[in-house]
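**Q**
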Amino acid sequence: MAPPQRGNAAFPLVSEGRLPPQPPAPGATRAAIHAAAWVLTLCTLPALVIVPLTLYQQLTLSVAIFIAALVVNRFAGRFATLALMFMSVVVSSRYLYWRITDTMYMDHALDLVLAWGLLLAEIYAFVVLLLGYLQTVWPLGRAPHPLPADRNAWPVVDVLIPTYNEPLAVVRPTVLAALSMDWPRDKLRIHLLDDGRREEFRAFCEAVGVAHVTRSDNRHAKAGNINAALKHTGGEFVAIFDCDHAPVRSFLELTMGWFGREPRLAMVQTPHYFYSADPFEKNLGTFGTVPNEGELFYGLIQDGNDLWNASFFCGSCAVLRRSACEQVGGIAVETVTEDAHTALKLHRAGYDTAYLAIPQAAGLATESLSGHVGQRIRWARGMTQIFRTDNPLLGRGLSWAQRLCYLNAMLHFLYGLPRLIYLTAPLAYLVFGASVIHASAAMIFAYALPHILHANLTNSRVQGRFRYLFWNEVYEAVLAWHIFRPTLMAIINPKLGAFNVTAKGGLIRRRYFDTQIARASIFLLLLNFIGAGFGLWRLTWVEEERIATVWLNLAWTFYNLVILGACVAAANESRQMRAAHRVTLQMPAVVHMSGQASVACRTFDFSASGLGIDLPAGMHYPHDAALEVSLFDGEVEHRFPATVRFSRDNRLGLRFEGLSLAQEQALVRCTISRPDIWSRRWGRHPRAGAIGVLAHIARISAVGFKDMFAHYRDAVAGRLRSPAAARRSADSREST
């Protein structure tokens, strides 16, 4: 693939080409150095992994390597990261070799079964760790490629916006934002693909001048909807957006340049950015303070995949070359994750893909945890279906790196059973006295602790801005049971399962505890509480040489309780009463009121229905006062009628009143369609220390326990009251 070109000041080039530029060196010398390094590594690594050591020798080696890792971690640069990955692989490989060769001698059949269950879970985690290092070893940091200066040479682009049952209020901003994209009008064709076949959508499309496309059936869901539209459109390129993903004006200008540079480029993908809180962020109160579940994939993994020409199509916020898409039969319909499967087919056909880690569109996150779980179930089922029906390890057309990147994407969704094993493994010893690791606590400490510490240290360095430590355990623990069953069934019969649409734009009118989603977490909590009780009881009579083993399993159990408490907290649904989500944004504005001088001010947030204004000191406007507010699209001023909803402490809350369609489109251009509105927020989370992160999760866990006990206390009390009183109590909670 040709090297990326240097971007402008707004999007500085992180790296040029697939590897950053290296200092010049004679070719023969460089080759000799590389060969010597590889030979040394290949000779040293097996020896470090398999050499037998006594307990004290192992402790000494572990301490020495960890001190070296701490020292290396203080240095910036890619070489330090590679060194940390190497040390982590050595320590983890040594641990796994020790587990397989020294700890699997069991006296009882039950011990052997449980031990193999834990070992297989650890092997799975080790493989995912290695593949994760491969994917993130050198994020490409691709920059936009410039378009030709002659706009007449720019190609025709069809913009496809599929929708099924989403309300028009969700779809309108996306269509208006697509109309605002900076692209020649005669080369931009926008199509709303309405599988709901709704009259109000047809009328809206007619009013704004976009095509309203329907079909006679809904076969193959979203993939079928797009494929049907491909047959009736003719643009050289196709941009696809989910109906809630509103693009910024610069989307096509930033993504299209690479297609002119690389004739075999089939797709350019950009991140999925969400301006509303997902269920974890909303229910746990972490929105804006903790990287959300998807930031690791879009912020780091996709950028790392791009090094290996293995970036995936994610179903939205992407541009595809029509000829390439048609060559592989259009959007894949064989699985319920049509996007990733389409990318796999493109790569098998010899096409390239690219990833620009610059948010160029934003949408709505799922509102409820149940909706979030349903979406992840579909992803897990679909990736498992691909693994069974079009395994990337088999067949032609893929490089070894592409095969491994796809493999890791599919293996990731098989974490259900391993995570359940980790959440219950210490109970085998605490409750039944079964030994799942045939070794002393000291030996486990000497081998397992370095493995855990190095993996966390390395991942913290690599993932720090996109995923905090321990949060992965929370996300996976919530989903583990729910995705275990669908993935198991997809392995057995990949044809099972149907496409489910993720609901967007809904309201949650009252707080409630989602017992259906939390049931598995509560059951695991109960098991771990029982295990902790048995562990404390064992401390009173167990032999002295086994006390350390009891404490080790108790510590593991207490950690599981913290994680499960956070899972329960995530199931306590918070209210979501805003039909239009507010987004923090500071930009110039002017307030105009009849009979008063216009006042220059700045906004502090906005939504589709209103605006927050910071006024100069001493300014005040009465409640319900009618006024106009000006916003600016570059040098162009747009006025919007509004009403004062609150005015206090020099802050003004405005609600827009009776916007015309032209004003609505102007508001989109001034807000969600601004080129830099999402990119300036991307990857801005500060790095966080392990102790601080764990303490934060522990506080959330405590709230989860409190809310769970309060829910069941109220449920029991409600059963004891008269039916009429119970109804009055329910009505009271509904009103609040």
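At position 537 of the sequence shown (counting the first as 1) the number is 536 in numbering that gives the first Met the number 0, and the numbers step up by one without a gap.
Ideal Cβ placement from N, Cα and C applies to all residues, glycine included.
Just so we're clear, the structure is a prediction, and the values are computed from it rather than from any experiment.
#1: Bridge partners of residue 645, per DSSP?
#2: Only counting the same chain, and skipping five residues up and downstream in sequence, which positions put a Cβ closer than 8 Å to that of residue 666?
#3: Let me know if residue 434 comes out buried or exposed under the rule of 16 or more other beta-carbons within 10 Å of its beta-carbon.
#4: Cβ atoms of residue 364 and residue 275: under 7 Å apart, would you say?
#5: Consult DSSP for residue 738 and reduce its assignment to one of helix, strand or coil.
#6: Three-state secondary structure (DSSP) at residue 637?
#7: Taking the alpha-carbon of residue 458 as reference, which of 35, 31, 85 and 55 has the nearest alpha-carbon?
#8: Taking the continuous beta strand (DSSP E) assigned at residue 149, which residues delimit it?
#9: Whole alpha helix (DSSP H) runs in the segment 414-488 with 4 or more residues, listed along the chain?
#10: Residue 286 bridges to which residues according to DSSP?
#11: Since residue 671 and residue 172 are thought to touch, with beta carbons under 8 Å apart, how far apart are those beta carbons, to the nearest angstrom?
#12: Measure the alpha-carbon distance for residue 97 versus residue 309 and round it to whole angstroms.
#13: Quick one, which of 541, 406 and 376 has its alpha-carbon nearest residue 482's?
#14: Residue 212 and residue 229: beta carbons closer than 7 Å?
#15: My output table needs one value for residue 371: the three-state DSSP class, helix, strand or coil.
#16: According to DSSP, what are the bridge partners of residue 275?
#17: Name the residue from 591, 649, 635 and 590 whose alpha carbon lies nearest to the alpha carbon of residue 615.
#18: Mind checking which residues open and close the beta strand (DSSP E) that includes residue 266?
#19: Give the straight-line distance between the Cα atoms of residue 612 and residue 634, rounded to the nearest whole angstrom.
#20: Do the CB positions of residue 100 and residue 438 come within less than 7 Å of each other?
#21: Run the CB neighbour count on residue 38, radius 10 Å, all protein chains shown included, and call it buried at 16 or more, exposed below.
#22: Please return the same chain residues whose Cβ sits closer than 8 Å to the Cβ of residue 71, not counting the five positions on each side in sequence.
#23: Taking only the alpha-carbon atoms, compute the straight-line gap between residue 736 and residue 91 and give it to the nearest angstrom.
#24: Considering just the uninterrupted stretch of the alpha helix (DSSP H) at residue 521, what are its terminal residues?
#25: Which partner residues does residue 630 have in the DSSP bridge list?
#26: How far does the beta strand (DSSP E) with residue 605 in it reach, from first residue to last?
#27: Decide yes or no for the touch test of the segment 334-348 against the segment 129-137: beta carbon pairs closer than 8 Å, at least 3 of them.
#28: If the criterion is Cβ atoms closer than 7 Å, does the pair residue 217 and residue 194 meet it?
#29: On a Cα-Cα basis, can you pick out the residue from 46, 572 and 587 that is closest to residue 669?
#30: Is it right to say residue 413 is buried, meaning 16 or more other beta carbons lie within 10 angstroms of its own, or is it exposed?
#31: Is the distance from the Cβ of residue 526 to the Cβ of residue 563 below 7 Å?
#32: In three-state terms, what does DSSP make of residue 188?
#33: Measure how close the beta-carbons of residue 266 and residue 352 come, nearest whole angstrom, since I'm counting them as under 8 Å.
#34: Assuming contact is defined by CB atoms lying nearer than 7 Å, are residue 692 and residue 468 in contact in what I supplied?
#35: Which value, in whole angstroms, describes the spacing of the CA atoms of residue 444 and residue 68?
#36: Would residue 50 be called buried (16 or more neighbouring beta carbons within 10 Å of its own) or exposed?
**A** For this structure:
#1: Residue 645 pairs with 652.
#2: For residue 666, where only same-chain residues beyond five positions count, the Cβ hits under 8 Å are 607, 630, 637, 639, 655 and 658.
#3: Residue 434 should be labelled buried.
#4: A contact, by the Cβ cut-off of 7 Å.
#5: Absent from the structure is residue 738, since the part of the chain shown begins at 0 and ends at 735.
#6: Strand at residue 637.
#7: Cα-wise, what sits closest to residue 458 is 85.
#8: Taken as a continuous stretch (DSSP letters only), residue 149 belongs to no beta strand (DSSP E), as it is neither H nor E.
#9: Fully enclosed alpha helix (DSSP H) runs of 4 or longer: 415-431 and 440-462.
#10: Beta-bridge annotation (DSSP): residue 286 is not paired with any residue.
#11: Residue 671 to residue 172, Cβ: 6 Å. Contact.
#12: One Cα belongs to residue 97, the other to residue 309, and the distance between them is close to 34 Å.
#13: Checking every option, the nearest Cα to that of residue 482 belongs to 376.
#14: In this structure, residue 212 lies away from residue 229, with their beta-carbon atoms at least 7 Å apart.
#15: In the three-state DSSP reduction, residue 371 falls in the helix class (H, G or I).
#16: Residue pairing by DSSP places residue 275 opposite no residue, since no beta bridge is assigned to it.
#17: Of the candidates 591, 649, 635 and 590, the one whose C-alpha sits nearest the C-alpha of residue 615 is 649.
#18: Per DSSP, residue 266 belongs to the beta strand (DSSP E) from 264-268.
#19: Rounded to the nearest angstrom, the two C-alpha atoms are 20 Å apart.
#20: Judged by their CB atoms, residue 100 and residue 438 are not nearer to each other than the 7 Å cut-off.
#21: Counting the other Cβ atoms within 10 Å of the Cβ of residue 38 gives fewer than 16, which makes it exposed.
#22: Hits under 8 Å: 79, 82, 83 and 86.
#23: Lying before the first or after the last residue shown, residue 736 is absent from the chain, which here runs from 0 to 735.
#24: Counting along the chain, the unbroken alpha helix (DSSP H) around residue 521 starts and ends at 514-537.
#25: Bridge partners of residue 630: 637.
#26: Residue 605 -> beta strand (DSSP E) spans 598-605.
#27: No, the segment 334-348 is not in contact with the segment 129-137.
#28: Yes, these two residues count as a Cβ contact at 7 Å.
#29: For residue 669, the closest C-alpha among the options 46, 572 and 587 is that of 587.
#30: Buried, since its Cβ has 16 or more Cβ neighbours within 10 Å.
#31: Taking C-beta atoms as the reference points, residue 526 and residue 563 fail to come closer than 7 Å.
#32: For residue 188, the three-state secondary structure derived from DSSP is strand.
#33: Yes, residue 266 and residue 352 are in contact; Cβ-Cβ is about 5 Å, under 8 Å.
#34: Yes, these two residues count as a Cβ contact at 7 Å.
#35: C-alpha separation (whole angstroms): 18 Å.
#36: Counting every other CB atom within 10 Å of its CB across the protein chains shown gives residue 50 a total below 16, marking it as exposed.
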